[in-house]
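Here is the structure we will look at, set down as structure tokens.
In UniProt numbering, the protein residues as written are 1 to 723.
This is how it looks when you write it as structure tokens:
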């Protein structure tokens, strides 16, 4: 029965989503002025205002309300200025092409200031392209149309501000729900490795994708919650969301942990199939519990977590029945520690459910010092120096801006030369599809073409067999809303609805609609083809160099994470903000590296000769972070006092290996090697441990040896890469 209801549940979730709400707001902002203009016999004025709403909407994405509002106003201002200047360019290719190329480069280059800035630049590009179409400019002076476009931006600003006042918690709730759902997927992906039910590469690619998206959502949540904390104070709602965020971060750390290296772990677990299946079952229950929590409205009902608690009890009972006669002492230690890790992981899930339960109060405190909290936000540098630093061919954004400028000039020139009906459609396709990397552009080109073709076929059938103006109006508006709602999540679907909305819109104005459909398809194919070819031939941005930089950043972050773990071990102090901040940076750097390798895997084979070696380095880095997380989690949950000498000795060697690896990446040659050994120190103290000391010695020594081996493997792989 639940399978039959699943589509309806998805439709309901989509209708309640922020994307759909935003699409409705834009639709209202566009349609209302047009209807008013139509009834007042000033339709062109209504179209200009509606166009301004569209121009100002792209930068209205999840994040700080302050940044979102600044983005909307900047988009409106840039669109107004671009529309005004574009109207006074002479209608001659001699003037139009240089202007088009220069403005395209400037607007695309704004992407150096981050994703939101790139969307502000896209608003300018959109306005630039439509300034060549002369929409709604028949009976208006250029300055009047430009001012009305600016008015449309102000209108959208007011609409979104009112919506934020009426639904202040919607964005946070949706991001939190998605983050919990992604965390469930992350634990599920990790659990498949525990049971060895997935091939390594397939499992890692899935894990990398989920981890990158999960960390992206955590970053947005941090930014929004801190921004809300400044504006709304420490209300119980935001305090509880901060607590859930903290639990999710801890949960992601625990999900990455393993008491000992995974290969050895699988070897031991494989000897006790019944015990292993108990932990596999517990992992499934953890995943199900998180998905339940993510999709439950705590105002209406509670989450039943009895299955999770029962699964935890079963795994604990199995471990408690193990004794030295049945199980080797080393194996028993591993199962003990695995049980503790799973218990802590389960407790985090129970904590999340309790915090979100409105009928219960949570007495935990979070950091009250705003300076401490602000350290967790990745702030964008908006200085002029960023522009100067990126004004070089080595910058991917510079090459992208140059490439898109050349292609727009080429596209508009060809469209004008062959006298295509709407050459600006080629430009629209180019600016929407083109991305800095080849893989993303190729994927968007494919989705754009498929979505456009399907939309064109369906629209052709409808307009050919049905002649109903009212139906066209309804379908145009509904398609426009659906296109906006799906634009960020599924570009193929968005292209399908965009095509429908354009064709039905033209069907209201022109009798030769079949010709419009034909030109729409031709222009889309031309624009998509130019975009894909340009990314391949014109100053291509390959991910190899960028990935090496990401790898260096990740190793530096991991080094800092290890230093903080070491400081905690040596001082025996409680976990401080410094530890959490170092952990956050290490996880985020690894997520960025994982995203980079996924982009690299999309590049053509001719540029992927080093892909195999680079992929193995990314896998090593992921394993290294897992080892660090394992050690950090162990130290946080155990009183450790016994092997300082071994710990410090191992740490020194690991740090030295990391420094050498970073040097190899940045300088492409190896530093002087040193002969340093920790085995003698390890051997002299190993014989003296008993009981808990033996447990600590075994687990920590295994984890330290694991880190040391991984750091050595880094250097071996990098030397092969540079040879």
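Ideal Cβ placement from N, Cα and C applies to all residues, glycine included.
Since the model is a prediction, treat every value here as computed from it, not as a measurement.
Three or more C-beta pairs below 8 Å linking the region 169 to 188 and the region 286 to 304: yes
Coarse secondary structure for residue 53, derived from DSSP in three states: Along the chain shown, read from residue 1 onward, the residue named residue 53 stands at position 53. It is helical.
Whole alpha helix (DSSP H) elements within the region 168 to 214, 4-residue minimum: 170 to 194
If you reduce the DSSP assignment to three classes, tell me which class residue 38 lands in. By 1-based counting over the chain shown, the position of residue 38 is 38. Looking at residue 38 - three-state DSSP - the assignment turns out to be helix.
Looking at residue 27 and residue 477, is the spacing between their C-beta atoms short of 8 Å? For the purposes of this step, residue 477 is taken as the residue at position 477 of the chain shown. For the purposes of this step, residue 27 is taken as the residue at position 27 of the chain shown. The answer is yes: Cβ separation under 8 Å.
Look at the Cβ atom of residue 285, then the Cβ atom of residue 255, and state whether they are nearer than 8 Å. By one-based count along the chain shown, residue 285 stands at place 285. By one-based count along the chain shown, residue 255 stands at place 255. Their beta carbons are not under 8 Å apart, which means residue 285 does not touch residue 255 by this criterion.
Three-state secondary structure (DSSP) of residue 468: Taking the first residue of the chain shown as 1, we reach residue 468 at position 468. In this structure, residue 468 counts as coil in the three-state DSSP scheme.
Tell me the rounded alpha-carbon separation between residue 436 and residue 535. Translated into positions along the chain shown, residue 436 becomes position 436. Translated into positions along the chain shown, residue 535 becomes position 535. Answer to the nearest angstrom: the Cα atoms are 8 Å apart.
Terminal residues of the continuous alpha helix (DSSP H) containing residue 133? Here residue 133 refers to the residue found at position 133 of the chain shown. No alpha helix (DSSP H) contains residue 133, which DSSP labels as neither H nor E.
8 Å CB neighbourhood of residue 702 in its chain, flanking five on each side removed: Against the chain shown, residue 702 aligns to sequence position 702. Closer than 8 Å at Cβ, skipping near neighbours: 259, 260, 261 and 264.
I need the DSSP call for residue 20, collapsed to helix, strand or coil. Translated into positions along the chain shown, residue 20 becomes position 20. In this structure, residue 20 counts as helix in the three-state DSSP scheme.
Thinking C-alpha only, which one of 128, 706, 100 and 444 is nearest residue 413? By 1-based counting over the chain shown, the position of residue 413 is 413. Minimum Cα distance to residue 413 is reached at 100.
Cβ-Cβ separation, residue 92 to residue 160 (assumed contact under 8 Å), whole Å: By one-based count along the chain shown, residue 160 stands at place 160. By one-based count along the chain shown, residue 92 stands at place 92. Rounded, the Cβ-Cβ distance is 40 Å, inconsistent with contact.
For the region 620 to 628 against the region 514 to 527, do three or more pairs of beta-carbon atoms, one drawn from each stretch, fall closer than 8 Å, so that the two count as touching? no
Nearest-angstrom Cα separation, counted from residue 62 out to residue 165: In the chain shown, the residue the question calls residue 165 occupies position 165. In the chain shown, the residue the question calls residue 62 occupies position 62. When rounded, the distance between both Cα atoms is 15 Å.
Measuring straight from C-alpha to C-alpha, what distance separates residue 568 and residue 253? Indexing the chain shown from 1 puts residue 568 at position 568. Indexing the chain shown from 1 puts residue 253 at position 253. Taking the straight line joining both Cα atoms gives about 16 Å.
Comparing C-alpha positions only, which one of 57, 172 and 31 sits nearest to residue 50? Position 50 of the chain shown holds residue 50. Among 57, 172 and 31, the Cα nearest to that of residue 50 belongs to 31.
Limits of the unbroken alpha helix (DSSP H) element including residue 539: Mapped onto the chain shown, residue 539 falls at position 539. Run containing residue 539: none; DSSP gives neither H nor E here.
Alpha carbon to alpha carbon, what distance is there between residue 20 and residue 12? For the purposes of this step, residue 12 is identified with residue 12 of the chain shown, where counting begins at 1. For the purposes of this step, residue 20 is identified with residue 20 of the chain shown, where counting begins at 1. Roughly 11 Å between the two C-alpha positions.
Alpha-carbon to alpha-carbon, residue 564 and residue 635: Here residue 635 refers to the residue found at position 635 of the chain shown. Here residue 564 refers to the residue found at position 564 of the chain shown. Using only the alpha carbons, I get a separation of about 12 Å.
Status (buried if at least 16 other CB within 10 Å, exposed otherwise) for residue 313: Indexing the chain shown from 1 puts residue 313 at position 313. Classification for residue 313: exposed.
Assuming the contact rule is C-beta atoms closer than 8 Å, residue 128 and residue 158 should be a hit. Round their C-beta distance to whole Å, please. Position 128 of the chain shown holds residue 128. Position 158 of the chain shown holds residue 158. Not confirmed; about 25 Å, so no contact.
Determine whether the beta carbon atoms of residue 153 and residue 56 lie at a separation below 8 Å. The count along the chain shown starts at 1 and reaches residue 153 at position 153. The count along the chain shown starts at 1 and reaches residue 56 at position 56. Their beta carbons are under 8 Å apart, which means residue 153 touches residue 56 by this criterion.
For the alpha helix (DSSP H) containing residue 506, list its first residue and its last residue. By 1-based counting over the chain shown, the position of residue 506 is 506. Note, residue 506: alpha helix (DSSP H), 491 to 507.
With DSSP as the reference, label residue 331 as helix, strand or coil. Within the chain shown, numbered from 1, the residue matching residue 331 stands at position 331. If DSSP states are grouped into helix, strand and coil, residue 331 belongs with the helices.
Taking one C-beta from the region 535 to 546 and one from the region 491 to 502 each time, how about it: are there three or more such pairs within less than 8 Å? no
On the DSSP letters alone, give me the boundaries of the alpha helix (DSSP H) that residue 418 sits inside. Taking the chain shown and counting its residues from 1, the one referred to as residue 418 is at position 418. That residue, residue 418, is in no alpha helix (DSSP H); it is neither H nor E in DSSP.
My assumption, with CB atoms under 8 Å, is that residue 558 sits in contact with residue 586. Please give the rounded CB distance. For the purposes of this step, residue 558 is taken as the residue at position 558 of the chain shown. For the purposes of this step, residue 586 is taken as the residue at position 586 of the chain shown. That pair is a contact at about 5 Å.
Where does residue 631 fall in DSSP's three states? If you number the chain shown from 1, residue 631 lands on position 631. Three-state DSSP puts residue 631 in a helix.
Helix, strand or coil for residue 675? Go by DSSP, reduced to three states. Here the question's residue 675 lines up with position 675 in the chain shown. At residue 675 the pLDDT is 48, less than 50, meaning the model places this residue with poor confidence; the figure from the coordinates comes in the next sentence. Residue 675: coil per DSSP, three-state reduction.
Measure the C-alpha to C-alpha separation of residue 405 and residue 124 and round it to an integer number of angstroms. For the purposes of this step, residue 405 is identified with residue 405 of the chain shown, where counting begins at 1. For the purposes of this step, residue 124 is identified with residue 124 of the chain shown, where counting begins at 1. Using only the alpha carbons, I get a separation of about 13 Å.
Which residues in the same chain have their Cβ closer than 6 Å to the Cβ of residue 425, if we skip the five residues on either side of it in sequence? Walking along the chain shown from the start, residue 425 turns up at place 425. The answer, listed in chain order, is 523.
Grab me the residues of residue 156's own chain with a C-beta within less than 8 Å of its C-beta, minus the 5 sequence neighbours each way, in chain order. Taking the first residue of the chain shown as 1, we reach residue 156 at position 156. Correct list, in chain order: 25, 26, 29, 52, 53, 56, 57, 60, 72 and 76.
Run of the alpha helix (DSSP H) containing residue 235, from where it starts to where it stops: Locating residue 235 in the chain shown gives position 235, where the first residue counts as 1. Residue 235 -> no alpha helix (DSSP H), and no H or E assigned at all.
Residues near residue 442 by beta carbon distance below 6 Å, same chain, minus five either side: Numbered from its first residue, the chain shown carries residue 442 at position 442. Cβ within range, chain order: 532.
Assuming residue 224 and residue 171 form a contact by the criterion Cβ under 8 Å, report the distance between their Cβ atoms to the nearest whole angstrom. Numbered from 1 along the chain shown, position 224 holds the residue referred to as residue 224. Numbered from 1 along the chain shown, position 171 holds the residue referred to as residue 171. Right, the Cβ-Cβ distance comes to about 6 Å (below 8 Å), so this counts as a contact.
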